[in-house]
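J.:
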Amino acid sequence: MNFWEFKEDHSRGYYLPTSNKAARDHGGQLVTGLFFLIASLFKLAWSIVAGIFSLLFMFVRWLWNWKKR
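Under the numbering used here, the residues of the sequence shown are numbered 315 to 383, in order.
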């Protein structure tokens with residue numbers, strides 16, 4: 315790397331490895347992102363389960379009212 319090249323210059327055509335400190339600093343971001351992804355997936359799963367149970371509950375009530383007539 316010469317004096318005029320930036321560290322983030324991607325026009326070089328090859329990969330410049332990061333330092334260990336930069337990798338450690340970005341490791342926290344990776345863990346935070348993975349935790350956010352897992353939490354979002356749990357929220358999505360809970361919404362789907364709640365929707366299925368509410369549809370099932372409405373269907374059972376409709377059958378119950380239809381049977382009473």
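Note that beta-carbon positions come from the ideal geometry of N, C-alpha and C, so glycine has one too.
From TRP376 to LEU358, what distance separates their C-alpha atoms?
T.: Answer to the nearest angstrom: the Cα atoms are 27 angstroms apart.
J.: Where LYS381 and PHE356 are concerned, what is the direct C-alpha to C-alpha distance, given to the nearest angstrom?
T.: Roughly 37 angstroms separates the two Cα atoms.
J.: Suppose you measure from the CA of ILE366 to the CA of ARG383; what does that come to, to the nearest Å?
T.: If I take the Cα positions, the gap works out to 26 angstroms.
J.: Please classify ARG375: does DSSP put it in a helix, a strand, or coil?
T.: Reduced to three states, the DSSP call for ARG375 is helix.
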